[in-house]
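A.B. asks: Same order as they appear, the protein sequences are chains W and Y.
The working numbering puts the first residue of the first sequence at 16, with every later residue one more than the last.
The working numbering puts the first residue of the second sequence at 16, with every later residue one more than the last.
For glycine and all other residues, C-beta sits at the position ideal for the given N, C-alpha and C.
2 protein chains.
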Amino acid sequence: MLNYSTSEENYIKAIFHLQGEGSVNTNKLAAELKTRPASVTDMMKKLRDKKLVHYQAYKGFRLTTEGKKLALLIIRRHRLWEFFLAEKLRFSWDEVHEVAEDLEHVSSKKLVDKLDEYLGFPRFDPHGDPIPDANGKIEPTKQVCLTDLALNKPGIVCYVSDQSTEMLELLSHKNIGMGTRLEIKKRFQFDQSLEIRVKQQTETISEVLARNIYVKI
Amino acid sequence: MLNYSTSEENYIKAIFHLQGEGSVNTNKLAAELKTRPASVTDMMKKLRDKKLVHYQAYKGFRLTTEGKKLALLIIRRHRLWEFFLAEKLRFSWDEVHEVAEDLEHVSSKKLVDKLDEYLGFPRFDPHGDPIPDANGKIEPTKQVCLTDLALNKPGIVCYVSDQSTEMLELLSHKNIGMGTRLEIKKRFQFDQSLEIRVKQQTETISEVLARNIYVKI
DNA sequence: GCATTTTTTTAGGTTTGTCTAAAAATATAT
DNA sequence: ATATATTTTTAGACAAACCTAAAAAAATGC
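1. Taking LEU88/W as the reference, give the member of ASP131/W, GLN178/W, GLU47/W with the closest Cα.
2. Note down the Cα distance separating GLY192/Y from PHE106/W, rounded to an integer number of angstroms.
3. Going by the beta-carbon positions, is the gap between GLU81/W and LEU95/W smaller than 9 Å?
4. Only counting the same chain, and skipping five residues up and downstream in sequence, which positions put a Cβ closer than 7 Å to that of LEU166/Y?
5. So ASP117/W contacts chain Y; which residues on that side make the cut at Cβ distance below 9 Å?
6. To which residues does DSSP link VAL39/Y through a beta bridge?
7. Taking just the CA atoms, how far does SER122/Y sit from GLU24/Y?
8. Per DSSP, what kind of secondary structure is TYR19/Y in: helix, strand or coil?
9. How many Å lie between THR41/W and PRO147/Y at the Cα?
10. Determine whether the Cβ of LYS103/W lies closer than 9 Å to any Cβ atom of chain Y.
11. Which bits of chain Y does VAL114/W rub up against, with CB to CB less than 9 Å?
12. Should GLU110/W be flagged as near chain Y, meaning a C-beta pair shorter than 9 Å?
13. GLY75/W: which of LYS103/W, ILE30/W, GLU47/W sits nearest, CA to CA?
14. Please report the straight-line C-alpha distance between MET59/W and ASN190/Y, rounded to a whole angstrom.
15. Spell out whether any CB of chain W is found under 9 Å from the CB atom of PHE106/Y.
16. Relative to the C-alpha of LYS129/W, which residue among LEU104/Y, GLY194/Y, LEU134/Y, GLU116/Y is closest?
17. Output, in sequence order along the chain, the residues in the region 40 to 62 of chain W whose CB is closer than 8 Å to any CB in chain Y.
18. Report the rounded CA-to-CA distance for ASP140/Y versus PHE98/Y, giving the unit in angstroms.
19. Is it right to say PRO155/W is buried, meaning 16 or more other beta carbons lie within 10 angstroms of its own, or is it exposed?
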């Protein structure tokens, strides 16, 4: 496996995240990476030459097989470190991401695989995202958005798509965190708001908030 | 504490290592860093502007108080990661250095301090080098060469100056490793060889070997 | 279908950290 | 002390990764 710069890795990761099925476009990627469209075009040429993306001017881009493999490796590193930080160093789940952003670029394969072993081959990171194994194989997530959870069926919070300070403040105010067990008690047709049961308490969740919360069933 | 680039950190660390008492010169530093004298001059200007080194053209350079503080912080990170790799991930002690070279540049203070705590505030890395504490305080090594250890005074192996395969093979054959407790039982005048007590066993150590082993008293 | 808007690319510039080659300062040797 | 050798610095280039402003291509609206 060749060696890639931090910047290249960040582009690859961002494309992977944006690339659902179709292809990714310049402005979206620039926004995701907080950079300028012109910089994205520059990098796409570089990554095309390294055979990590398919790219033709004005036609958008998507990862090659090799690009996907690299993306999964970076995600593997990121999530293993997040797990380590939360589990071993007792970081809270909203602190792990930033530090893992740096650690994920340390590329020693032996380090990553030994870390994986040391952690007991965990399958999900503290946000509930699946961790790719040494071959890049990733468990299909059986998560469901809170808007889609059935009434009176318990779910465990495993993912929050928006991780802004405002969002985290609201969540902690309602006593909701990673791993919190909850159950929808009532769904109001008028505004799609939910009344849920959390830790022996009743809370109201707006549709906007619910759309950002994912639970494992 | 400000943030420094990997390159700046490597220069600071190298100056610290070369700087015994006096000052460091351009060619030596270039050799240490496997770079060119011209690059060193460029960087010294930059580090002087950042108040990390004292530097005047043609007069050599040495770390400022702030520069030394930074050097000790980088060494702290390096040695904590080395300890982690050897102790937790079961890397052999000749593999840890290279990986720690990368990890040492991850700058989160919280990460380093929590790692320190997790490891139980170790005071020496797997090579027997002392680990600076959170304030940059470093234990003055009270190491003594095995040739100078008094009779019947226990010592803990904390440093091996030669780390060749041949040396390591010999050591492991005699059941000696980092942290091994030993005691000199007899010293033979004829060839300066030693009879030592290691783990309930008696071993003979040649003068050549003894000269390469250092112990903490 | 053509004008307008949006998206993307190109052209050219900046910063960081490197390099080579040449000039300047310092050290050494007789 | 002065010629020679060594060390260090300057000058000017280059690559990576970013930027702004302008041009070109594609998408959209009527």
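C.D. replies: Working from what's here:
1. If you number the first sequence from 1, residue 88/W lands on position 73. Looking at the Cα atoms, ASP131/W is the closest of the given residues.
2. The sequence position of residue 192/Y within the second sequence is 177, counting from 1. The sequence position of residue 106/W within the first sequence is 91, counting from 1. Their backbone Cα atoms lie some 34 Å apart in a straight line.
3. For the purposes of this step, residue 81/W is identified with residue 66 of the first sequence, where counting begins at 1. For the purposes of this step, residue 95/W is identified with residue 80 of the first sequence, where counting begins at 1. One thing to note: GLU81/W has its Cβ no nearer than 9 Å to the Cβ of LEU95/W.
4. For the purposes of this step, residue 166/Y is taken as the residue at position 151 of the second sequence. Taken in chain order, the residues that qualify are ILE199, ARG202.
5. The residue you call residue 117/W lines up with position 102 of the first sequence. Near ASP117/W (Cβ distances below 9 Å), the residues of chain Y are HIS120, VAL121, SER122, SER123, LEU126.
6. Walking along the second sequence from the start, residue 39/Y turns up at place 24. In the DSSP output, where bridge partners are listed per residue, VAL39/Y has PHE76/Y.
7. The residue labelled residue 24/Y in the question sits at position 9 within the second sequence. The residue labelled residue 122/Y in the question sits at position 107 within the second sequence. Distance between GLU24/Y and SER122/Y, taken at the CA atoms: about 11 Å.
8. For the purposes of this step, residue 19/Y is taken as the residue at position 4 of the second sequence. Reduced to three states, the DSSP call for TYR19/Y is coil.
9. As a working note, residue 41/W is residue 26 in the first sequence. As a working note, residue 147/Y is residue 132 in the second sequence. Cα to Cα, THR41/W sits roughly 46 Å from PRO147/Y.
10. Position 88 of the first sequence, counted from the start, is the residue given in the question as residue 103/W. Interface residue, yes.
11. Locating residue 114/W in the first sequence gives position 99, where the first residue counts as 1. Among the residues of chain Y, those whose CB is under 9 Å from the CB of VAL114/W are VAL121, SER123, LYS125, LEU126, following chain order.
12. The residue you call residue 110/W lines up with position 95 of the first sequence. At a cut-off of 9 Å, the C-beta of GLU110/W has a neighbouring C-beta in chain Y.
13. For the purposes of this step, residue 75/W is taken as residue 60 along the first sequence, with counting starting at 1. Selected option, being the one with the closest Cα: ILE30/W.
14. What you label residue 59/W is simply residue 44 of the first sequence in a count that begins at 1. What you label residue 190/Y is simply residue 175 of the second sequence in a count that begins at 1. Whole-angstrom Cα-Cα distance: 55 Å.
15. By one-based count along the second sequence, residue 106/Y stands at place 91. Using a CB distance cut-off of 9 Å, PHE106/Y counts as an interface residue toward chain W.
16. To locate residue 129/W, count along the first sequence from 1; it is residue 114. With distances taken between Cα atoms, LYS129/W lies closest to LEU104/Y.
17. Within the region 40 to 62 of chain W, no residue qualifies.
18. Here residue 140/Y is taken as the residue at index 125 of the second sequence, counted from 1. Here residue 98/Y is taken as the residue at index 83 of the second sequence, counted from 1. Inter-residue distance for ASP140/Y and PHE98/Y is about 5 Å (C-alpha atoms, whole angstroms).
19. Sequence index remark: in the first sequence, residue 155/W carries index 140 (1-based). Answer is exposed; the Cβ neighbour count stays below 16.
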